[in-house]
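I have placed the structure first, in the form of structure tokens, so that the comments after it can refer back to it.
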Amino acid sequence: MTATQAAPTTGDVVLEAENLTKHFPVRRGLRDLFTRERKAVHAVDDIQLTLRRGRVTALVGESGSGKSTVARLMAQLYTRTSGDIRLHGESVTVHGGRKFRAYCRQVQMIFQDPFASLNPVHTVRYHLTRALKIHGRAGTNSAELEQNLRDLLLRVQLTPPERYLDKFPHELSGGQRQRVSIARALGADPKALLADEPVSMLDVSIRLGVLNLLRDLKERLDLAILYITHDIASARYFADETLVMYAGRMVEGGDSETVTQHPAHPYTRLLIESAPDPDRLDRVGDPKDAPADEGGGEPPSLIAPPTGCRFHPRCVHAMPKCSTEHPPRFELPLVDSGQAHWAACWLYEEGAAK
Ligand code: SF4
Numbered sequence: 015m016t017a018t019q020a021a022p023t024t025g026d027v028v029l030e031a032e033n034l035t036k037h038f039p040v041r042r043g044l045r046d047l048f049t050r051e052r053k054a055v056h057a058v059d060d061i062q063l064t065l066r067r068g069r070v071t072a073l074v075g076e077s078g079s080g081k082s083t084v085a086r087l088m089a090q091l092y093t094r095t096s097g098d099i100r101l102h103g104e105s106v107t108v109h110g111g112r113k114f115r116a117y118c119r120q121v122q123m124i125f126q127d128p129f130a131s132l133n134p135v136h137t138v139r140y141h142l143t144r145a146l147k148i149h150g151r152a153g154t155n156s157a158e159l160e161q162n163l164r165d166l167l168l169r170v171q172l173t174p175p176e177r178y179l180d181k182f183p184h185e186l187s188g189g190q191r192q193r194v195s196i197a198r199a200l201g202a203d204p205k206a207l208l209a210d211e212p213v214s215m216l217d218v219s220i221r222l223g224v225l226n227l228l229r230d231l232k233e234r235l236d237l238a239i240l241y242i243t244h245d246i247a248s249a250r251y252f253a254d255e256t257l258v259m260y261a262g263r264m265v266e267g268g269d270s271e272t273v274t275q276h277p278a279h280p281y282t283r284l285l286i287e288s289a290p291d292p293d294r295l296d297r298v299g300d301p302k303d304a305p306a307d308e309g310g311g312e313p314p315s316l317i318a319p320p321t322g323c324r325f326h327p328r329c330v331h332a333m334p335k336c337s338t339e340h341p342p343r344f345e346l347p348l349v350d351s352g353q354a355h356w357a358a359c360w361l362y363e364e365g366a367a368k
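Mapping to the working numbering: the sequence shown position 14 is 28, numbers consecutive.
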């Protein structure tokens with residue numbers, strides 16, 4: 015039996031992707047001029063994603079798995095090859111101009127690098143004022159603007175606001191810069207936040223503070239948040255639902271506790287086994303304790319992705335069918351949470367030997 019994405023228990027749908035696909039054409043070399051073949055990087059294929067108010071959905075996978083491409087497609091920064099994106103149930107395609115600004119008012123993106131996302135020659139006041147003005151939320155006079163600027167900084171817990179308003183990015187720590195980036199995104203009063211590895215460039219000691227801030231915003235502002243990360247442990251802590259991507263495809267999904275505590279797909283298990291675990295530290299270096307990976311840890315080429323299940327060259331459970339037929343999503347038995355859990359793996363086909 016195939017399954018749809020895990021059914022959340024709360025929250026209206028804000029943003030959805032259906033069969034979202036993105037192939038980037040590869041520039042033709044001299045040798046290709048004599049062939050009709052048009053190569054493309056299959057960055058993302060057939061993605062189903064639903065973001066709901068007041069919920070965090072984590073998209074987890076290793077570098078190059080297509081997570082950031084999904085975020086950029088959802089932000090309409092890339093045009094999609096096929097599939098649909100719906101905002102509040104309405105299909106949307108924008109290429110810039112007024113329509114793009116209207117879309118950005120509802121869907122904002124937070125980038126990985128807070129150093130690059132703020133202009134070093136402008137102050138915090140400039141960045142936030144610009145965001146408020148672009149989205150028509152600057153107020154009608156300078157007193158209202160000042161109050162709105164203060165409110166934004168208070169919302170991201172940069173207090174007292176007057177200490178930060180006239181600072182330049184280089185005068186702030188990485189965590190403070192990321193908070194300013196989040197405040198700028200909130201300047202639009204969005205309904206959905208797409209956070210692309212928002213803490214991966216921050217010191218470990220301040221990551222938790224930024225994740226707690228995002229969680230607080232989710233609860234207080236009822237935001238739908240897409241949290242992109244390669245750190246599956248943080249997904250368990252922070253996200254309500256976790257989806258796992260491998261080589262441009264989603265391979266497993268369900269509520270975060272189930273996916274991280276009862277992983278079903280061999281790739282999800284590999285991700286979890288590869289994460290540092292204090293209980294295994296005394297066995298580091300022991301080849302018997304290395305996570306099972308037939309492919310030596312190498313992700314496949316996305317110009318000519320493996321046929322069938324894209325994980326089959328690395329999978330220790332691969333069967334003949336795995337290299338020829340793409341596995342659909344199979345619904346898995348419910349565990350404690352009672353929420354839907356699925357995996358795209360032939361091991362879960364009825365009657366398959368596990
Ligand atoms: Fe492994 Fe086959 Fe499952 Fe893919 S479908 S993860 S190759 S068992």
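Note that the Cβ used here is the ideal one computed from N, Cα and C, for glycine as well. Every value quoted in this text rests on a predicted model; they were computed, and no experiment measured them.
Proximity below 8 Å, CB of residue i to CB of residue j
i      : j      : result
ARG191 : PRO175 : no
GLU30  : ARG100 : yes
ALA6   : MET123 : One cannot answer for residue 6 here, as it falls past the ends of the chain, which runs 15 to 368.
ALA197 : LEU227 : no
HIS141 : LEU316 : no
MET215 : PRO128 : yes
THR35  : GLY97  : yes
ARG267 : ILE220 : Inspection of the sequence shows that residue 267 is occupied by Gly rather than by Arg. Not a contact, by the Cβ cut-off of 8 Å.
ALA247 : ALA289 : yes
SER270 : THR282 : no
PHE325 : VAL70  : no
VAL138 : LEU179 : yes
GLU32  : GLN62  : yes
GLU265 : VAL273 : With the sequence shown as reference, residue 265 is identified as Val, and Glu is not the correct amino acid for it. No; because the gap between Cβ atoms is not below 8 Å, this pair is not in contact.
SER195 : LEU240 : no
heavy atom of ligand 1 below 7 Å from residue i C-beta
i      : result
ALA332 : yes
PRO280 : yes
PHE325 : yes
LEU361 : yes
PRO341 : yes
CYS329 : yes
CYS118 : no
Exposed unless 16 or more other CB atoms sit within 10 angstroms - verdict on residue i
i      : result
HIS136 : exposed
LEU285 : buried
PRO341 : buried
CYS323 : buried
ASP217 : exposed
THR83  : buried
PRO280 : buried
ASP230 : exposed
ALA249 : buried
VAL74  : buried
LYS232 : buried
ALA238 : buried
GLN126 : buried
8 Å Cβ shell around residue i - same chain, five flanking residues per side excluded
i      : result
TYR117 : GLN90, LEU101, VAL106 and VAL108
LEU159 : THR143, LEU146, ALA152 and GLY153
THR95  : THR35, LYS36 and HIS37
ARG115 : ILE148 and HIS149
TRP360 : CYS323, MET333, LYS335, CYS336, GLU339, PRO341 and ALA366
ASP254 : PRO22, ARG69, VAL70, THR71, ASP269 and SER270
Contacting residues, own chain, Cβ-Cβ under 7 Å from residue i (five flanking each side not counted)
i      : result
LEU346 : ALA278, HIS355, TRP356, ALA357 and TYR362
GLN120 : LEU101, PRO204, LYS205 and ALA206
ASP236 : ARG67 and GLY68
HIS184 : PRO134
ASP59  : THR35, GLY262 and ARG263
GLU76  : HIS244 and PRO313
VAL213 : ARG221, VAL224 and LEU225
ASN155 : none
ALA332 : HIS326
ALA202 : CYS118, ARG119, GLN122, ALA145 and HIS149
VAL40  : LYS53, ALA54, VAL55 and ILE317
Paired residues, beta bridge with residue i - DSSP
i      : result
ILE242 : LEU73 and ASP210
ARG340 : The sequence shown places His at residue 340, rather than the Arg named in the question. BP columns for HIS340 are empty, so no partner.
VAL27  : ARG66
VAL224 : Bridge partners of VAL224: none, in fact.
GLN122 : LEU207
VAL194 : DSSP, once it has assigned bridges, lists no residue as partnering VAL194.
TYR260 : ARG263
VAL55  : PHE38
GLU233 : GLU233 pairs with nothing; no bridge assigned.
ASP217 : None; ASP217 has no bridge partner.
HIS355 : GLY268
ASP98  : GLU32
ALA288 : Reading off the sequence, residue 288 comes out as Ser, not Ala. SER288 pairs with nothing; no bridge assigned.
ILE148 : According to DSSP, ILE148 bridges with nothing at all.
Any chain C beta carbon closer than 8 Å to residue i
i      : result
LEU168 : This model lacks chain C altogether, as it is built from one protein chain only.
Beta-carbon contacts of residue i that lie in its chain and below 6 Å, excluding the five residues immediately before and after
i      : result
ARG193 : VAL170 and LEU172
LEU348 : none
GLU364 : none
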